[in-house]
Amino acid sequence: MTVRVQQEPFDATAETEALTRGRTDIGGVVTFTGLVRGDVDGRPLVSLTLEHYPGMTEAELGRIEAEARGRFDLVDCLVVHRSGELTPGEGIVLVVTLSRHRQAAFEAAQFLMDFLKTRAPFWKKETFADGDGHWVDARDGDSHAEARWRGALATQK
Amino acid sequence: MSSGTMTIGGVSATVRAEQRVTVRYFAWVRERVGRAEEQITVPASVATVGELARWLATRGPEYAEAFRRADVVRAALDQVHVKPSAPLAGVREVAFFPPVTGG
Chain A
1 MTVRVQQEPF DATAETEALT RGRTDIGGVV TFTGLVRGDV DGRPLVSLTL EHYPGMTEAE
61 LGRIEAEARG RFDLVDCLVV HRSGELTPGE GIVLVVTLSR HRQAAFEAAQ FLMDFLKTRA
121 PFWKKETFAD GDGHWVDARD GDSHAEARWR GALATQK
Chain B
158 MSSGTMTIGG VSATVRAEQR VTVRYFAWVR ERVGRAEEQI TVPASVATVG ELARWLATRG
218 PEYAEAFRRA DVVRAALDQV HVKPSAPLAG VREVAFFPPV TGG
């Protein structure tokens, strides 16, 4: 169970290989990679800069990951989030979930992404060709996705 | 934070030891304030993080602009998300930032 914030690109295949090597207790692995899109509503993007809150980011990702482990029957999981300046096509975030049966891995990956988007202290700034910079607004859809899990939690209890 | 009672000229008043906190700003809140962090002494009239935001907004035009959309600015105390009503007592680090947009 690992969370990491780094400026360097990540290698999803190598990360997955490191998590599964020599193990025979894992029945399913789900990997999710978030990428930088090259345009915003058709306007070409030059770069995306990710600012974060060192210290709190790691703590918050750790809390989200602990919540996922409590909810789903995971063998292991990994969250890698990048910071700094990224260009279109680069990976921003990697979530890898491993479980004995596939459903836990699928659901945990979605849960981790939904919570990460609404709680991990990262802020995206878009830079366009004319030099214009713009902080990305939070999307209502992201908090609705998170709230869905809270509703599910309340129903289960 | 400690508190005590003292008597001045027969009038009893509760005094609080000075609380120093590190305030950190992120994203457009940081850009508008014009700094990433600062040390401040919490005024005696300020008890919650919401009250601190309102007090900071009175410190100058750059702060007023940063906290103009007070309902949008989020806060963390000692690196944990909190609501505006969260008390500052015992806190060492306060952070103000826009809604997060990671992932």
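One line per chain: the protein sequences are A and B, in this order. Numbering follows my numbering, in which position 115 of the first sequence is assigned residue number 115; successive positions increment by one, without gaps. Numbering follows my numbering, in which position 38 of the second sequence is assigned residue number 195; successive positions increment by one, without gaps. Glycine included, C-beta positions come from ideal geometry on N, C-alpha and C.
Exposed or buried, residue i, counting other C-beta atoms within 10 Å across all chains shown (16 or more means buried)?
| i | result |
| --- | --- |
| Gly260 of chain B | buried |
| Glu195 of chain B | exposed |
| Asp142 of chain A | buried |
| Ala18 of chain A | exposed |
| Asp114 of chain A | buried |
| Val229 of chain B | exposed |
Tell me the DSSP secondary structure of residue i in three-state form.
| i | result |
| --- | --- |
| Pro44 of chain A | strand |
| Ala101 of chain B | Any answer about residue 101 of chain B is impossible in this case: the structure gives chain B only from 158 up to 260. |
| Lys240 of chain B | coil |
| Val190 of chain B | helix |
| Val75 of chain A | strand |
| Gln176 of chain B | coil |
| Ala59 of chain A | helix |
| Phe115 of chain A | helix |
| Gln156 of chain A | A caution first: Gln156 of chain A carries a pLDDT of 42, below 50, which makes its placement in the model unreliable, though a value can still be read off. Gln156 of chain A: helix per DSSP, three-state reduction. |
| Met158 of chain B | Residue placement at Met158 of chain B is poorly supported in this model, since its pLDDT is 42, which falls under 50; the coordinates still yield a value, given next. Reduced to three states, the DSSP call for Met158 of chain B is coil. |
| Ile64 of chain A | helix |
| Tyr220 of chain B | helix |
| Gly131 of chain A | coil |
State yes or no: is the C-beta of residue i within less than 8 Å of the C-beta of residue j?
| i | j | result |
| --- | --- | --- |
| Leu112 of chain A | Ala59 of chain A | no |
| Glu51 of chain A | Lys125 of chain A | yes |
| Leu234 of chain B | Val206 of chain B | yes |
| Gly24 of chain A | Pro121 of chain A | Residue identity check: residue 24 of chain A is Thr in the sequence provided, not Gly. No, Cβ-Cβ distance for Thr24 of chain A and Pro121 of chain A is not below 8 Å. |
| Pro241 of chain B | Trp135 of chain A | no |
Note to self: Short of 7 Å Cβ to Cβ, which residues in the stretch 217-232 of chain B face chain A?
What the structure shows: none
Note to self: Against chain B, which members of the stretch 22-55 of chain A pass a CB distance test of less than 8 Å?
What the structure shows: Those would be Gly34, Leu50, Glu51, His52, Tyr53, Gly55, in chain order.
Note to self: I'd like to know if the stretch 95-107 of chain A and the stretch 23-34 of chain A are in contact, where contact means that at least 3 CB-CB pairs between them fall below 8 Å.
What the structure shows: yes
Next item on the list: Give, in chain order, every residue of the stretch 127-151 of chain A whose Cβ lies closer than 9 Å to some Cβ of chain B.
Entry: Trp135, Val136, Asp137, Ala138, Arg139, Asp142, Ser143
Next item on the list: Take every Cβ of the stretch 176-183 of chain B, pair it with every Cβ of the stretch 142-151 of chain A, and state whether three or more of those distances are shorter than 8 Å.
Entry: no
Notebook entry, point to check: For the stretch 72-80 of chain A against the stretch 88-101 of chain A, are there 3 or more C-beta pairs whose distance is under 8 Å?
Noted result: yes
Margin query: Quick check: the stretch 121-136 of chain A against the stretch 43-50 of chain A, are at least 3 beta-carbon pairs closer than 8 Å?
Written below: Touching, yes.
Next item on the list: Compile a chain-ordered list of the residues in the stretch 240-256 of chain B whose CB is closer than 7 Å to at least one CB of chain A.
Entry: Residues Ala252, Phe254, Pro255, Pro256.
Check: Name the residues in the stretch 178-204 of chain B whose C-beta lies less than 9 Å from a C-beta of chain A; which are they?
Finding: Arg181, Phe183, Ala184, Trp185, Arg187, Glu188
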